[in-house]
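A short write-up of the structure that comes next.
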Amino acid sequence: MKKMLIFLSVFSIVFGPLGAQHVWDKEIIRVEKNPEIVNELSGMNLDLLMEKDGVIYIVASPRDLIALSAKNIPYDIESSTFYPEVQKDFTVQSGVNGQFHSYPELERDLMGLADTYPELAQVIDIGDSLEQRNIYALKISDNVGMQENEASVIFLGCHHAREWISVEVPYLLGKYLVENYATNTEAKRLVDNCEIWIVPLVNPDGLEFSIHFYRYWRKNMRNNGDGTYGVDLNRNYSYKWGWDNSGSSPDSVSEVYRGPGPFTEPEIQAVRNLFNQNNFQALVSYHSFSQVILYPWGYTENASENEALLFEIGDRMSQLMEPVNGRYYGAERAGDGFYLTNGDTTDWSFGVYGIPSYTIELPPESRIKGGFFNSESDIQPIFNENLPAALYLIDWCIQTYPQKVRASQSQTQQKKRTLRIK
Ligand code: 0X9
Ligand code: CA
Ligand code: CA
Ligand code: ZN
-14 MKKMLIFLSV
-4 FSIVFGPLGA
6 QHVWDKEIIR
16 VEKNPEIVNE
26 LSGMNLDLLM
36 EKDGVIYIVA
46 SPRDLIALSA
56 KNIPYDIESS
66 TFYPEVQKDF
76 TVQSGVNGQF
86 HSYPELERDL
96 MGLADTYPEL
106 AQVIDIGDSL
116 EQRNIYALKI
126 SDNVGMQENE
136 ASVIFLGCHH
146 AREWISVEVP
156 YLLGKYLVEN
166 YATNTEAKRL
176 VDNCEIWIVP
186 LVNPDGLEFS
196 IHFYRYWRKN
206 MRNNGDGTYG
216 VDLNRNYSYK
226 WGWDNSGSSP
236 DSVSEVYRGP
246 GPFTEPEIQA
256 VRNLFNQNNF
266 QALVSYHSFS
276 QVILYPWGYT
286 ENASENEALL
296 FEIGDRMSQL
306 MEPVNGRYYG
316 AERAGDGFYL
326 TNGDTTDWSF
336 GVYGIPSYTI
346 ELPPESRIKG
356 GFFNSESDIQ
366 PIFNENLPAA
376 LYLIDWCIQT
386 YPQKVRASQS
396 QTQQKKRTLR
406 IK
């Protein structure tokens, strides 16, 4: 049945309804970055890839190209120019997705971790995607079957289908913690004192579509009912949802379509429900690419009242990462530039729960260096450099977990879990 559903949704994208855009008609274009152009672009809801050396790169649909021409904004099509350079760094991939996880491969490997380390790791189905795939959380802690009076933290991956590396980093974090528990005292201390929740694949339908049909797919697979598909899951959270039309789009064809309302998408409801059952103290959501650590706010250029702390933690993570492979990330406020977003994960977790929240945009730093295409041989190095930042954040949660909360929580922790345990 699942196969059938997938087939049907793909079928309708490819063959109709009339007027639907073919997602693969899109081009990578470059436009010069100057104040007038930035001003013009800000209202256009474009799928901005990156900016580098005074150039802005955009994934543009035919419609976007017409709109740019109408505004007399000059652009160059770059799709083919960069392709050979991007390819030459690649190792041969084993299968369509090589060593990157597909949904079934991730399911198998998560279950494998829980089977091998049953006292430390549990796989929990926190909800279903639109196409009925499971959204999996890997919970890691001592006495993992109990909700204990401990610190807790959450790591998310793959809100955006094409950002394959963002599945690997949180998955490998979970694997690292359980595999090193017995031999590494620091890993043991963190696992013993914290409930670590990892949701490596928030958007399973989108990832499968990106692997098997269209590599650049970003959104989920929502049939918007008007010939367009997909809601941008990183625009569907409730905090300042739809604040303006430059940080997200009301237009269903847009790559940053925010959906018809906050939390309309089941994948995002699953994340919200998990927050309702845990007192997370910090969040990381992995994305790619740009190689940067972003913190709230994203919906406004203004700093929050916690700017100093948010920067300090982000900057510390960046400093811990750089020595590993020499890659510099840097911590920046997300909205501090022309790239505003609203309805994103970190504005919500920070705005509603007040917890330090980070979007980590994984390498590469630019499209020229690969964009969404990470070499298989770079998966492990990218994880290695992200590991000390993740361990630091877990430790930060443990250190700041207030005794008061510990005491009051122990009375309420008996509450019945409604999560389905696999
Ligand atoms: O636009 C997004 O959702 C994230 N970037 S991505 O290229 N992975 O799509 C960034 C979200 C963080 N917020 C801001 N940059 N404002
Ligand atoms: Ca525990
Ligand atoms: Ca413990
Ligand atoms: Zn992303």
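Residue numbers (this note's numbering): -14 to 407.
By construction, the Cβ of each residue, glycine as well, lies at the ideal position given by its N, Cα and C atoms.
| said: For Pro387, count the other beta carbons within 10 Å of its own beta carbon; 16 or more makes it buried, fewer makes it exposed. Which is it? | reply: Taking the first residue of the sequence shown as position 1, residue 387 is located at position 402. Exposed: under 16 other Cβ atoms inside 10 Å.
| message | Assuming Leu141 and Thr326 are in contact, meaning their beta carbons sit under 8 Å apart, how far apart are those beta carbons, in whole angstroms? | response | As a working mapping, residue 141 is identified with position 156 in the sequence shown. As a working mapping, residue 326 is identified with position 341 in the sequence shown. Rounded, the Cβ-Cβ distance is 15 Å, inconsistent with contact.
| Can you tell me the Cα-Cα spacing of Ser237 and Gly212, whole angstroms? | Taking the first residue of the sequence shown as 1, we reach residue 237 at position 252. Taking the first residue of the sequence shown as 1, we reach residue 212 at position 227. Using only the alpha carbons, I get a separation of about 9 Å.
| query | Using a threshold of 8 Å, is the CB atom of His144 nearer than that to any non-hydrogen atom of ligand 1? | reply | Position 159 of the sequence shown holds residue 144. Yes, the beta carbon of His144 sits closer than 8 Å to at least one heavy atom of ligand 1.
| Which one of Leu295, Val216, Ser275 has the shortest CA to CA distance from Trp417? | The structure shown does not extend to residue 417, since the chain is modelled only from -14 to 407, so the question has no answer here.
| Between the beta-carbon of Ile41 and the beta-carbon of Ile22, is there less than 9 Å? | Within the sequence shown, residue 41 is the residue found at index 56, counting from 1. Within the sequence shown, residue 22 is the residue found at index 37, counting from 1. Yes, Cβ-Cβ distance for Ile41 and Ile22 is below 9 Å.
| said: Please report the straight-line C-alpha distance between Thr249 and Ile196, rounded to a whole angstrom. | reply: Here residue 249 corresponds to residue number 264 of the sequence shown, with the count starting at 1. Here residue 196 corresponds to residue number 211 of the sequence shown, with the count starting at 1. Rounded to the nearest angstrom, the two C-alpha atoms are 25 Å apart.
| task | Tell me Met35's beta-bridge partners as DSSP assigns them. | result | Here residue 35 refers to the residue found at position 50 of the sequence shown. Paired residues: Tyr42.
| message | Let me make sure I understand the geometry here. Which of Ile383, Gln384, Thr385, Glu370 has the alpha-carbon closest to that of Leu158? | response | Within the sequence shown, residue 158 is the residue found at index 173, counting from 1. It is Glu370.
| task | Below 6 Å CB to CB, which residues in the same chain sit around Pro69 once its five sequence neighbours on both sides are set aside? | result | For the purposes of this step, residue 69 is taken as residue 84 along the sequence shown, with counting starting at 1. Residue confidence for Pro69 is low, a pLDDT of 38 falling below 50, so the modelled location carries little weight; the figure read from the coordinates is stated next. Setting aside the 5 residues that flank it on each side, Pro69 has no residue in the same chain whose C-beta is closer than 6 Å to its C-beta.
| Taking the continuous alpha helix (DSSP H) assigned at Glu250, which residues delimit it? | Taking the sequence shown and counting its residues from 1, the one referred to as residue 250 is at position 265. Boundaries for Glu250: no alpha helix (DSSP H) harbours it, and the DSSP string shows neither H nor E there.
| said: Just to confirm the assignment, what range does the alpha helix (DSSP H) spanning Ala146 have? | reply: Here residue 146 refers to the residue found at position 161 of the sequence shown. Premise fails: Ala146 is in no alpha helix (DSSP H) and is neither H nor E.
| request: Taking all protein chains shown into account, decide if Gln365 is buried (16 or more other Cβ within 10 angstroms of its Cβ) or exposed. | output: Counted from its first residue, the sequence shown places residue 365 at position 380. Classification of Gln365: exposed, given that the 10 Å Cβ count is below 16.
| request: Can you grab the Cα-Cα spacing for the pair Ser27 / Ser234, in whole Å? | output: Sequence index remark: in the sequence shown, residue 27 carries index 42 (1-based). Sequence index remark: in the sequence shown, residue 234 carries index 249 (1-based). Cα-Cα distance, rounded: 11 Å.
| said: Measuring CB atoms only, is the segment 304 to 317 touching the segment 276 to 283, in the sense that at least three cross pairs come out at less than 8 Å? | reply: Taking one beta carbon from each stretch, the segment 304 to 317 and the segment 276 to 283 have 3 or more pairs nearer than 8 Å; the two touch.
| task | Measure the Cβ-Cβ separation of Val163 and Leu186 and say whether it is below 9 Å. | result | For the purposes of this step, residue 163 is taken as the residue at position 178 of the sequence shown. For the purposes of this step, residue 186 is taken as the residue at position 201 of the sequence shown. Taking a C-beta distance under 9 Å as the contact criterion, Val163 and Leu186 do not qualify as a contact pair.
| Ile120 classed as buried or exposed, judged by whether at least 16 other C-beta atoms fall within 10 angstroms | Locating residue 120 in the sequence shown gives position 135, counting from the first residue. Under this definition Ile120 is a buried residue.
| query | Using the beta-carbon count (16 or more within 10 Å), is Met131 buried or exposed? | reply | On the sequence shown, residue 131 is found 146 positions in, with the first residue counted as 1. Label assigned to Met131: exposed.
| query | Which whole-angstrom value describes the C-beta separation of Leu259 and Ala122, a residue pair presumed to lie in contact below a C-beta threshold of 8 Å? | reply | As a working mapping, residue 259 is identified with position 274 in the sequence shown. As a working mapping, residue 122 is identified with position 137 in the sequence shown. Contact holds; Cβ gap of about 6 Å.
| Should Thr76 be labelled buried (16 or more other beta-carbon atoms within 10 Å of its own) or exposed? | In the sequence shown, the residue the question calls residue 76 occupies position 91. Only weak support exists for where Thr76 lies, its pLDDT of 43 falling under 50; the coordinates are left without a value.
| said: Let's see if you can read the secondary structure: which residues bound the beta strand (DSSP E) around Val277? | reply: Within the sequence shown, numbered from 1, the residue matching residue 277 stands at position 292. Element bounds for Val277: 277 to 280.
| said: For Lys173, report the span of its alpha helix (DSSP H) as first-last. | reply: The residue given as residue 173 occupies position 188 in the sequence shown. Note, Lys173: alpha helix (DSSP H), 170 to 178.
| request: Answer with buried or exposed for Gln418, where buried requires no fewer than 16 other C-beta atoms within 10 angstroms of its C-beta. | output: This structure gives no information on residue 418, because the portion of the chain shown stretches from -14 to 407.
| query | For Tyr242, which beta-bridge partners are listed by DSSP? | reply | Taking the sequence shown and counting its residues from 1, one reaches residue 242 at position 257. Its beta-bridge partners are Ser234.
| Sequence-distant residues of the same chain with beta carbon closer than 7 Å to Lys18, five excluded per side | Translated into positions along the sequence shown, residue 18 becomes position 33. Counting only Cβ-Cβ distances below 7 Å, and skipping sequence neighbours, we find Glu36, Gly39, Val40, Ile41.
| said: Let's test the definition: count the other Cβ atoms within 10 Å of the Cβ of Gln266 and tell me whether it reaches 16, buried, or not, exposed. | reply: Here residue 266 is taken as the residue at index 281 of the sequence shown, counted from 1. Its Cβ being crowded by 16 or more others within 10 Å, Gln266 is buried.
| Candidates Leu192, Glu104, Gly328, Asp321: which alpha carbon is nearest Trp149's? | Counted from its first residue, the sequence shown places residue 149 at position 164. Per the Cα distances, Leu192.
| message | Assuming the contact rule is C-beta atoms closer than 8 Å, Asp332 and Lys225 should be a hit. Round their C-beta distance to whole Å, please. | response | Position 347 of the sequence shown, counting from 1, holds the residue named residue 332. Position 240 of the sequence shown, counting from 1, holds the residue named residue 225. Sure, about 6 Å apart at Cβ, within 8 Å.
| task | Go through the residues and name those whose CB comes closer than 6 Å to any heavy atom of ligand 2, in chain order. | result | Counting only heavy atoms of ligand 2, the residues whose C-beta sits closer than 6 Å to one of them are, along the chain, Ser126, Asp127, Asn128, Glu133, Glu135, Glu180.
| request: Within its chain, find whatever has a CB closer than 6 Å to the CB of Ser87; leave out the 5 residues flanking it on each side and keep chain order. | output: Counting from one through the sequence shown, the residue named residue 87 turns up at place 102. The residues Ile196, in chain order, have a CB closer than 6 Å to that of Ser87 in the same chain once the five nearest residues on each side in sequence are set aside.
| query | Helix or strand or just coil, what does DSSP make of Gly112? | reply | Residue numbering aside, residue 112 sits at position 127 when the sequence shown is read from its first letter. Secondary structure of Gly112 (DSSP, three-state): strand.
| query | When the cut-off is 9 Å and only beta carbons count, does Tyr222 lie next to chain D? | reply | No chain D is present in this structure, which holds just one protein chain.
| Quick one: what does DSSP say Pro387 is sitting in, helix, strand or coil? | On the sequence shown, residue 387 is found 402 positions in, with the first residue counted as 1. When secondary structure is reduced to three states using DSSP, Pro387 falls in the coil class, being assigned neither helix nor strand.
| task | Compute the distance between the beta-carbons of Gly227 and Pro251, then report whether it is under 9 Å. | result | Within the sequence shown, numbered from 1, the residue matching residue 227 stands at position 242. Within the sequence shown, numbered from 1, the residue matching residue 251 stands at position 266. No, Cβ-Cβ distance for Gly227 and Pro251 is not below 9 Å.
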